[in-house]
Structure formats: C-alpha cells, structure tokens
Amino acid sequence: MNQNSIKKQYTIKVTVLLEGSFWIGLFERNDNEGYAVARKIFGGEPTDAELYDFVLTHFDELKFTEPQDFKLVIKRKNPKRVQREVRREMEKAKLGLPSTTHAQEVLRLDLEKNKKLKKTVSKAEKEARLEEKFQLKQAKRKKKHRGH
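Next up, the structure:
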C-alpha cells in the first residue's frame, strides 16, 4: 500500500465555553499520534452550523499542541463520594473559581513551554545584538587611532 493513500483519522471534540466576554472553542483531537488541543476565540456564541462549517473549512489552520499520550481510565466510585465532589464543584462555580479540564491543562502547559522557549531565544538574540554593537564600537575606536 502506498504511503500517500493512507488517510489520517481524527476523533474531534469541540467544547464551547464563555471565557470573560468571549466565546472560545476548545478543539480536542485524538488520533494515532496522541492527544492534542487547540483553542479558537469566537466573537459571539457560535451556532452548531457555524461550528460544523468552521471544522470543515478551517480545521487545518488550527494550531494544535504537541501530541501527548493520553489514556482514559474510568474507575467506579462510591455514589456518595461522587455526590460530594459534584457539590464541591458547584460551590466553586458559585464562587467564580475556574475549574480546569484536561484540555485547558494541556494548553496551559504548552503555553508555559512556549514562553520559556521564547525567553531563551530572545535572550540569545539580545546578547548577539549587544556583541555586535560592542564590535562596531571597537572597530570605530581602532579606526579613530589609526592615522597617527
């Protein structure tokens, strides 16, 4: 079988959330590479038809995080314990404390990683600019004293 004839199959899950005054879409993708997440900011609340159209036309433009291994483990819990956990989550929601999903956690970790990478790159560029400036200054000094 030819490599080009093999198609990738994705399982996509879209969650629409109100974050501040904007509606955002969390796109979760599961495929043979792993679990990846992308975030898209919408203006108003998107309808189902708009989301479907967006997935069909602009899915390739989404910037997904690096694929991670993700295994869903479902454990049976005591119903009373589940009820207590639900009550705690509802109290957090009433207080306005954000509850994070696995997708949001993956996005946060990816953001932190990119932030550190950008910081190291910008530091190296800054040092290179300072070195170049220093070399130009030294060359100017040598040129000044050359004619005597």
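Each residue of the sequence shown is one higher than the one before, counting from 3 in our numbering. We put the beta carbon where it would ideally sit given N, CA and C, even for glycine.
In the displayed model, residue 35 falls within coil according to three-state DSSP, outside both helix and strand. The three-state secondary structure of residue 28, taken from DSSP, is strand. At the C-beta level, residue 105 and residue 47 stay beyond 9 Å of one another. Residue 68 sits in coil when the DSSP states are folded into three classes, being neither helix nor strand.
Beta-bridge analysis with DSSP links residue 21 to 24. A direct Cα-to-Cα measurement between residue 88 and residue 62 gives close to 37 Å. By the Cβ test, the segment 26-46 is not in contact with the segment 76-93, since fewer than three Cβ pairs between them sit closer than 8 Å. A check of alpha carbon separations from residue 15 across 122, 108, 40 and 132 identifies 40 as the nearest. Within its own chain, no residue has a Cβ closer than 8 Å to the Cβ of residue 137 once the five positions on either side in sequence are excluded.
The segment 111-128 and the segment 49-65 do not touch, with fewer than 3 CB-CB distances between them shorter than 8 Å. In this structure, the beta-carbon distance from residue 111 to residue 28 does not fall below 9 Å.
In the displayed model, residue 77 falls within coil according to three-state DSSP, outside both helix and strand. Considering only 71, 43 and 117, the residue with the shortest C-alpha distance to residue 22 is 43. For residue 10, the three-state secondary structure derived from DSSP is coil. Restricting attention to 70, 103 and 133, the CA atom closest to the CA of residue 17 is found in 103.
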